[in-house]
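Notes follow once the structure below has been shown.
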Amino acid sequence: MFTAYPPMSHQQSESDADLIHGCIAGDADCWNDLINRYGALVYSVPKRLGLNDSDAEDIFQAVFSILTNRLHSIDDPQALPKWLITTARRECWRHLRRMARRDELESEANRHAEVQDDGDKALDRHVAVRSALAGLGPRCRDLLTLLFLSPGRPDYEGVSAALGIPVGSIGPTRARCLSKLLAQLHALPAAPELFPELASGD
Amino acid sequence: MNADHNITFETIVGHVTGELPADQSATLAQQAEANASLARMIAAIRSVITALREPQDNPTEAALARARQLIDLQVGVLPFGFEPAGLVIAELVEDTRDPSSMYGLRGEATAYQLSFEADYAEVHLHVTSEAGGNCRVRGQVDVFEPSNDDIRVALRRSGREALIETEADDTGQFKLEVEPATYDVIVSVGLRTLLVPSVEIG
Chain A
360 MFTAYPPMSH QQSESDADLI HGCIAGDADC WNDLINRYGA LVYSVPKRLG
410 LNDSDAEDIF QAVFSILTNR LHSIDDPQAL PKWLITTARR ECWRHLRRMA
460 RRDELESEAN RHAEVQDDGD KALDRHVAVR SALAGLGPRC RDLLTLLFLS
510 PGRPDYEGVS AALGIPVGSI GPTRARCLSK LLAQLHALPA APELFPELAS
560 GD
Chain B
330 MNADHNITFE TIVGHVTGEL PADQSATLAQ QAEANASLAR MIAAIRSVIT
380 ALREPQDNPT EAALARARQL IDLQVGVLPF GFEPAGLVIA ELVEDTRDPS
430 SMYGLRGEAT AYQLSFEADY AEVHLHVTSE AGGNCRVRGQ VDVFEPSNDD
480 IRVALRRSGR EALIETEADD TGQFKLEVEP ATYDVIVSVG LRTLLVPSVE
530 IG
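This is the structure:
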């Protein structure tokens, strides 16, 4: 399926730091954009633990509630994806512990723990590349987001229209941006464990 | 990481994304078998693109709606007399109803307790159903540091502006009687305001 994309709005191309500042100032558009940007990431945590939508919605609200209280204290916006997923996991485990304590479902909680292990590694890798992505300039961030994070297979003409990049420049620009992303990723402390392929091997 | 001076990064990306013509892609794959550096680079790019494309669970509309309202609660719609500058959104720490419930009504118990916590105070609500259909809410606000500030408590029914208000006594205790519904619980301690959004009481 090919997907055409509308031109990116000002809000869509804002950095995480700009969005956080906007949220602190009470800009609802920035808040909505932050939710749109990271909502699926946060929601995936309870879902991968096998929680139903009702419980996942509770955890989703709890994570973003906590975020509203922490907006002022986020020193490194690049760490936001990791903070979100860590907070979502903590809320999930608190929730599962409550369930286990209440209904003596300790074994059920343990089963969830086993089930989520592989999924979590994939999410950890995703969080790492999102953090690296957040460290790129807007042009690269927007291009890689449209090409790899948007649903559906990207239509180069749509991407061209959305970002104002000639179709013929998308390939070379993508390569440059991926190279920068690899460099950003390589600098993350967790990179060797999550991406052993990045090791030089020299 | 060096691959081969004759092979561009863009070509490798095209190979990984499947956009390189089949014959060129096959040649590159062959070269990679004899060139460990090239093979590592292909693996690294593939791994990063896979991580970017990691499938995620889209949040439900209900989850999005609940998260989006948080910024409104945070910035603009506190009732007159409640101080927005010191506002924090409290986190649920205990709900003796349905173990899966965090926010929102799930249980049908005739008496239950909800506890919420912020960085400077805890709020405990003991809710009992009355014969006439209303709910009696007996509450306790525990401020962590000694304070002589007056404590005001208000319940605001969702979608309405009118408040059901009271003041806590010297020990932080208060009582209210309300119709079963969803409420924002707003607690004012001096210049600080603690908010618990969307608590279903009934």
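Quick note, the sequences are listed as chains A and B, same order.
Position in the first sequence counted from 1, then plus 359, gives you the numbering used here.
Position in the second sequence counted from 1, then plus 329, gives you the numbering used here.
We treat Cβ as the ideally placed atom computed from N, Cα and C, and that holds for glycine.
- Contacts between residue 382/A and chain B, judged by CB atoms closer than 8 Å, involve 400 in chain order.
- Within chain B, 393, 396, 397 have C-beta atoms less than 7 Å from the C-beta of residue 394/A, given in sequence order.
- Taking every protein chain shown into account, the CB of residue 373/A has 16 or more other CB atoms within 10 angstroms, so this residue is buried.
- Any Cβ of chain A closer than 8 Å to the Cβ of residue 388/B would place that residue at the interface, and such an atom is present.
- Rounded to whole angstroms, the separation of the alpha carbons of residue 352/B and residue 487/A is 34 Å.
- A direct Cα-Cα distance of roughly 30 Å separates residue 501/B from residue 456/A.
- Remark: C-beta atoms of residue 513/B and residue 520/B do not approach each other more closely than 8 Å.
- Taking 8 Å as the CB threshold, residue 488/A lines the interface with chain B.
- At least 8 Å separates the CB of residue 462/B from every CB of chain A.
- When DSSP states are grouped into helix, strand and coil, residue 419/B belongs to the coil group.
- Nearest CB-CB separation between residue 520/B and chain A: not below the 8 Å threshold.
- The three-state secondary structure of residue 517/B, taken from DSSP, is strand.
- Under the three-state reduction of DSSP, residue 385/B is assigned to coil, being neither helix nor strand.
- Contact note: residue 338/B reaches chain A through 534, 538, using a C-beta cutoff of 7 Å and chain order.
- The beta-carbon of residue 425/A is placed less than 8 Å from the nearest beta-carbon of chain B.
- Here residue 393/B is near residue 394/A, since their CB atoms are less than 8 Å apart.
- Taken in chain order, the complete beta strand (DSSP E) segments of 3 or more residues contained in the stretch 477-505 of chain B are 480-486, 492-496.
- Bounds of the alpha helix (DSSP H) holding residue 530/A are 526-545.
- In terms of Cα proximity to residue 522/B, the closest of 493/B, 398/B, 452/B is 452/B.
- Scanning its chain for C-beta atoms nearer than 6 Å, with the 5 sequence neighbours on each side dropped, one finds around residue 506/B the residues 463, 465, in chain order.
- Counting C-beta pairs with one atom in each stretch, the stretch 515-529 of chain A and the stretch 437-448 of chain A have fewer than three that are closer than 8 Å, which means they do not touch.
- Per DSSP, the unbroken beta strand (DSSP E) holding residue 469/B starts and ends at 464-472.
- Taking 7 Å as the Cβ-Cβ cut-off, the stretch 368-382 of chain B approaches chain A at 369, 372, 373, 374, 376, 377, 378, 380, 381, 382, given in chain order.
- In the structure shown, residue 529/B falls within a strand segment according to DSSP collapsed to helix, strand and coil.
- Judged by DSSP in its simplified three-state form, residue 439/B adopts coil rather than helix or strand.
- Contacts with chain A at 8 Å (Cβ-Cβ) do not include residue 468/B.
- Between the stretch 337-352 of chain B and the stretch 525-533 of chain A there are three or more C-beta pairs closer than 8 Å, enough to call the two in contact.
- Runs of alpha helix (DSSP H) with 4 or more residues, each lying fully within the stretch 379-462 of chain A, are found at 387-407, 412-429, 439-462, listed in chain order.
- The beta-carbon distance between residue 443/A and residue 503/A, rounded to whole angstroms, is 19 Å. This is too long to meet the 8 Å contact definition.
- For residue 495/A, no beta strand (DSSP E) run applies, since DSSP gives it neither H nor E.
- Boundaries cannot be given for residue 509/A, as no beta strand (DSSP E) includes it and DSSP labels it neither H nor E.
- Rounded to the nearest whole angstrom, the C-alpha separation of residue 390/A and residue 517/B is 25 Å.
- Here residue 460/B is exposed. Its C-beta has fewer than 16 other C-beta atoms within 10 Å.
- For residue 490/A, the closest of 548/A, 380/A, 527/A, 556/A by C-alpha to C-alpha distance is 548/A.
- Close partners of residue 417/B in chain A (Cβ separation under 7 Å): 428.
- Judged by DSSP secondary structure, residue 457/B falls within the beta strand (DSSP E) whose first and last residues are 450-458.
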